[in-house]
Amino acid sequence: MNNLFKNYVNEKGWELYDIYTDEESGSDSNRAGIQRLIKDAQEKIFDVIVAKEFSRISRNSAFLYGFKDAMIANRIHFITLDDTKKNIN
16 MNNLFKNYVN
26 EKGWELYDIY
36 TDEESGSDSN
46 RAGIQRLIKD
56 AQEKIFDVIV
66 AKEFSRISRN
76 SAFLYGFKDA
86 MIANRIHFIT
96 LDDTKKNIN
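Under the working numbering, the first residue of the sequence shown carries the number 16, and numbering increases by one thereafter.
Written out as structure tokens, the structure reads:
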């Protein structure tokens with residue numbers, strides 16, 4: 016899976032900062048990886064998040080709305096690699 020992201024980032028000519036992973040369920044919004052992702056986004060360490068699909072961030076809709084608002088406030092683009100190619104900004 017990591018190669019999928021690395022290849023996408025390379026094709027775009029972007030620099031890969033990190034790959035954030037969690038073993039816990041997407042319904043738990045207090046996962047270490049997602050919390051680190053949010054912290055790094057607030058510190059403006061990167062400007063694009065690439066995920067396999069939107070539900071990989073969280074399955075909790077209230078959390079997703081807050082996440083979306085935080086990414087917009089920090090001017091972070093969110094791109095998914097599923098068929099919908101969603102961009103929340």
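We put the beta carbon where it would ideally sit given N, CA and C, even for glycine.
Assigned secondary structure, residue i (DSSP; H/G/I helix, E/B strand, else coil)
{"i": "F78", "result": "helix"}
{"i": "I49", "result": "helix"}
{"i": "F5", "result": "The question about residue 5 has no answer, for the chain in this structure spans 16 to 104."}
{"i": "I94", "result": "strand"}
{"i": "L19", "result": "helix"}
{"i": "I34", "result": "coil"}
Within 8 Å, strictly: CB atoms of residue i and residue j
{"i": "F93", "j": "I60", "result": "no"}
{"i": "N89", "j": "A56", "result": "yes"}
{"i": "Y32", "j": "L52", "result": "no"}
{"i": "F78", "j": "S44", "result": "yes"}
Nearest to residue i (by Cα), restricted to the options the options
{"i": "W29", "options": "Q50, D62, A85, N45", "result": "D62"}
{"i": "I72", "options": "Q50, N22, N25", "result": "Q50"}
{"i": "L96", "options": "G81, S70, F78, K83", "result": "S70"}
{"i": "L58", "options": "E26, A85, K21, L79", "result": "Sequence inspection shows Glu at residue 58; the Leu mentioned does not correspond to that position. Looking at the Cα atoms, A85 is the closest of the given residues."}
{"i": "N22", "options": "S44, E38, S76, A66", "result": "A66"}
Cβ-based burial, residue i [other Cβ within 10 Å; buried from 16]
{"i": "S76", "result": "exposed"}
{"i": "I91", "result": "buried"}
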